[in-house]
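**Q**
Numbering (full-length UniProt numbering), first residue to last: 1 to 522.
Next comes the structure, spelled out in structure tokens:
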């Protein structure tokens, strides 16, 4: 490994003069990376030295670009052409070493970041000096393709964020934040190269999706404030239809990856309407992904509901047994997830049609009532007005609250009553809920939380209220209920003890042990 002084001397000798005998030192500098690539343990000791070499070489090759020594076709004679070809060969070797460092190092470091910045500088100068004609438009897309391949293969320990499934690789993040999000030509050619590159990259599906999400999960595509990275990009980047088609193709490929994590499904579905569907000329292509997501179960199914329903409504797509699957999502676990309010909003939309059968709607009502028995107060506060609104929209379900046949039965038959509802049945048309009753709601009238007990009593009153605004009840939780109770202004002050005492027992010295009452079995 050359010292900083030696590197600085080579740098000055080549930059200030044009003596070819100094150029042989370039090979030493470039070959210095081999030691690091063969033994990553050297990074801890010599990282600053390698960073210095990287920056020095980038400045040297910029000088060679400006002198025309990396363009063999500009040589004036055979000897000069041979020299220029040698310079270009060393330059290409330097680029390869930069990519090797980016791809092979497995721990977070500053050298990889410097290698990325230096590589992008080289890309910029290639766009200026490697054109077919002077001052003609050119973008070195092959150079960018090689970088993208290295970035997707660059994987550190704990490379995927466990919260959202996106990549937290610092090198990839630098590329996205500094170059991709700020320059439209980089965006255009990145999407262009990824169309064929993504299937070729041999990494796991989760890593591939994590980096694609990092690259595309933002609103800066085609933003008016975007800049141009190269001096004269080709006019092809002005083709918005082409750009949109490329993003659509890449999204479709990534959505069809098989081994995605639950968090990656969640991240995709949360931005589905805002950042995915707008790129698709035919949103029906997303049907397979949405149906697969809906079949995942749990949170993923809940988040996929909105997109799936929109495709069914706008494009007349059919999903077999949609309501059966929706019914199966009503589980005790649903009452505790943070997406509960989102689910109830969608469920309200799905059950709003008056063409649904009374048996189906009554099954949803009964299932919600059954879940309310073990649900937290915040969830019950959502369920009660929701059930009330359903009964208002579907009057045939009023029999769940008021069954004339049961009222006219003698007392012996009432005592023998057994709830006919089958809670284990997964088909809402076969649960026999319409023959049941909402005894669960009556039990909630004695709930320990006063807000719940008061709210449920609406079912004992005549159904004169039009409907609840469901939005007022969806976001309640233990914390919000306690805050509401703590901030409530009391109309009548509670009675308190008139006399105040500083201590529980007497504190004078004459107090004897007999004064205290023993606590039996304490």
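Heads up, the beta-carbon is just placed ideally off N, CA and C, and yes, glycines get one too. None of these values were measured; they are calculated from a predicted model.
1. How far does the alpha helix (DSSP H) with residue 394 in it extend, from its first residue to its last?
2. How would you label residue 110, buried or exposed, when you count the other beta carbons within 10 angstroms and need 16 or more for buried?
3. Could you tell me the boundaries of the alpha helix (DSSP H) in which residue 251 lies?
4. Can you confirm whether the region 392 to 401 touches the region 338 to 358 when touching is taken to mean that 3 or more C-beta pairs between the two stretches lie within less than 8 Å?
5. Ends of the alpha helix (DSSP H) at residue 70?
6. Could you check which residue in 24, 299, 297 and 202 has the C-alpha nearest to that of residue 103?
7. How would you call residue 39, buried or exposed, if buried means at least 16 neighbouring beta carbons within 10 angstroms?
8. Give the single residue among 245, 252 and 187 whose Cα lies nearest to the Cα of residue 209.
9. Does the region 398 to 407 come within contact of the region 319 to 328, defined as at least 3 CB pairs closer than 8 Å?
10. Can you tell which of 440, 249, 324 and 361 has its C-alpha closest to the C-alpha of residue 380?
11. Quick one: residues in its chain with C-beta nearer than 6 Å to the C-beta of residue 168, no 5 flanking neighbours on either side, listed in chain order?
12. Counting only runs of 4+ residues fully inside the region 282 to 369, write out the alpha helix (DSSP H) ranges in chain order.
13. What distance in whole Å lies between the Cβ atoms of residue 233 and residue 364, which are believed to be in contact at a cut-off of 8 Å?
14. Rounded to whole angstroms, how far is the Cβ of residue 65 from the Cβ of residue 129, which I believe are closer than 8 Å?
15. With DSSP collapsed to three states, give me the class of residue 201.
16. Is residue 416 helix, strand or coil when you go by DSSP?
17. Pair every Cβ in the region 260 to 278 with every Cβ in the region 173 to 183, then say whether three or more of these pairs are closer than 8 Å.
18. DSSP three-state label for residue 423, please.
19. Determine the burial state of residue 41: buried for a count of at least 16 other Cβ atoms within 10 Å of its Cβ, exposed for fewer.
20. Which word fits residue 488, buried or exposed, when buried means at least 16 other C-beta atoms lie within 10 angstroms of its C-beta?
21. With distance defined between alpha-carbon atoms, name the residue in 404, 373, 419 and 345 nearest to residue 390.
22. Determine the closest residue to residue 254 out of 306, 13, 199 and 26, with distance taken between C-alpha atoms.
23. What ranges does the alpha helix (DSSP H) occupy inside the region 46 to 117, keeping only unbroken runs of at least 4 residues that lie completely in it?
24. Buried or exposed for residue 28, going by 16 or more other Cβ atoms inside 10 Å?
25. For residue 153, which option in 450, 165 and 106 has the closest C-alpha, if you only look at C-alpha atoms?
26. Report, in whole angstroms, the separation of the C-beta atoms of residue 95 and residue 49, which I expect to be a contact under 8 Å.
27. For residue 312 versus residue 319, is the C-beta distance shorter than 8 Å?
28. Specify the secondary structure class of residue 383 as computed by DSSP and reduced to three states.
29. With residue 108 and residue 33 assumed to form a contact (beta carbons below 8 Å), what rounded beta-carbon distance in angstroms separates them?
30. Just to confirm before moving on: does the CB-CB distance between residue 26 and residue 90 stay below 8 Å?
31. Determine the direct distance from the alpha carbon of residue 456 to that of residue 442, and round the result to whole angstroms.
32. Do you know whose CA, among 454, 61 and 45, lies nearest residue 14's CA?
33. I'd like the span of the alpha helix (DSSP H) that includes residue 439, first residue to last.
34. Quick check on DSSP: helix, strand or coil for residue 160?
35. What does a CB cutoff of less than 8 Å around residue 218 pick up in its chain, not counting 5 residues either side in sequence?
36. Quick check: the Cα distance between residue 44 and residue 247, rounded to an integer number of angstroms?
**A** From the atom records:
1. Element bounds for residue 394: n/a, residue is neither H nor E.
2. exposed
3. Counting along the chain, residue 251 sits inside the alpha helix (DSSP H) bounded by residues 240 to 255.
4. The answer is yes - the region 392 to 401 touches the region 338 to 358, with three or more Cβ pairs under 8 Å.
5. Neither: residue 70 is in no alpha helix (DSSP H) and is coded neither H nor E.
6. Distance check between residue 103 and each of 24, 299, 297 and 202 places 202 closest, using alpha-carbon atoms only.
7. exposed
8. 252
9. no
10. 440
11. 161
12. Qualifying alpha helix (DSSP H) stretches, in chain order: 287 to 294, 298 to 315, 322 to 328 and 340 to 350.
13. With a Cβ gap of about 56 Å, residue 364 and residue 233 do not count as contacting.
14. 5 Å
15. DSSP places residue 201 in coil when its eight states are reduced to three.
16. coil
17. no
18. coil
19. Exposure of residue 41 is indicated by the presence of fewer than 16 other C-beta atoms within 10 angstroms of its C-beta.
20. exposed
21. The candidate whose alpha carbon is nearest that of residue 390 is 345.
22. Of the candidates 306, 13, 199 and 26, the residue whose Cα lies closest to the Cα of residue 254 is 199.
23. For the region 46 to 117, whole alpha helix (DSSP H) runs of length 4 or above, ordered along the chain, are 78 to 104.
24. Burial call: exposed.
25. 106
26. In fact, because the Cβ distance is near 20 Å, the residues do not count as touching under 8 Å.
27. yes
28. helix
29. That pair is no contact at about 19 Å.
30. Contact: yes.
31. 8 Å
32. Comparing Cα positions, the closest option is 61.
33. 439 to 444
34. strand
35. 181 and 275
36. 40 Å
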